[in-house]
């Protein structure tokens with residue numbers, strides 16, 4: 584079966600219309616109280632690879648519901664007047680998520696290269712014992 588649009592094409596289209604944050608710039612935001620870094624990865628990925636200290640975990644499948652104040656699943660963290668930078672492992676899931684959230688009217692950016700480049704470029708990583 585041939586798809587009308589591939590996943591890679593969807594990511595490419597999303598990236599063309601959203602704000603992308605470079606890893607080095609995101610690392611500089613870690614201690615900024617006006618920035619919330621949101622981790623979209625599965626809980627098993629966070630456990631296996633660690634996570635950005637202070638990041639908020641929001642499973643990819645819940646993002647639209649957690650940011651919507653009219654949803655029964657709304658999370659107060661998203662009501663804050665802060666910059667939100669979403670990330671996943673490679674930047675694909677976060678690009679699609681941020682494009683959708685922007686379409687909803689929620690202002691957000693994403694970590695272009697994802698968590699896979701975070702540690703490689705010197706970003707702090709927290710691991711639970």
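Numbering (my numbering), first residue to last: 584 to 712. We put the CB at the ideal spot given by N, CA and C, even for glycine.
Examine chain C for any beta-carbon lying closer than 8 Å to the beta-carbon of residue 589, and answer yes or no.
-> Of the protein chains in this structure there is only one, and it is not chain C.
Which listed residue (611, 712, 654) has its alpha carbon closest to that of residue 705 = 611
CA-to-CA distance, residue 681 to residue 596, given in whole angstroms = 12 Å
What do you get for residue 654, buried or exposed, if any count of 16 or more other CB atoms within 10 angstroms of its CB means buried?
-> exposed
Run of the beta strand (DSSP E) containing residue 603, from where it starts to where it stops = 602-604
Is residue 630 near residue 686, with beta carbons less than 8 Å apart?
-> no
For the alpha helix (DSSP H) holding residue 625, just list the boundary residues, first then last.
-> Unbroken run through residue 625: none, as it is neither H nor E.
CA-CA distance, residue 691 and residue 684?
-> 7 Å
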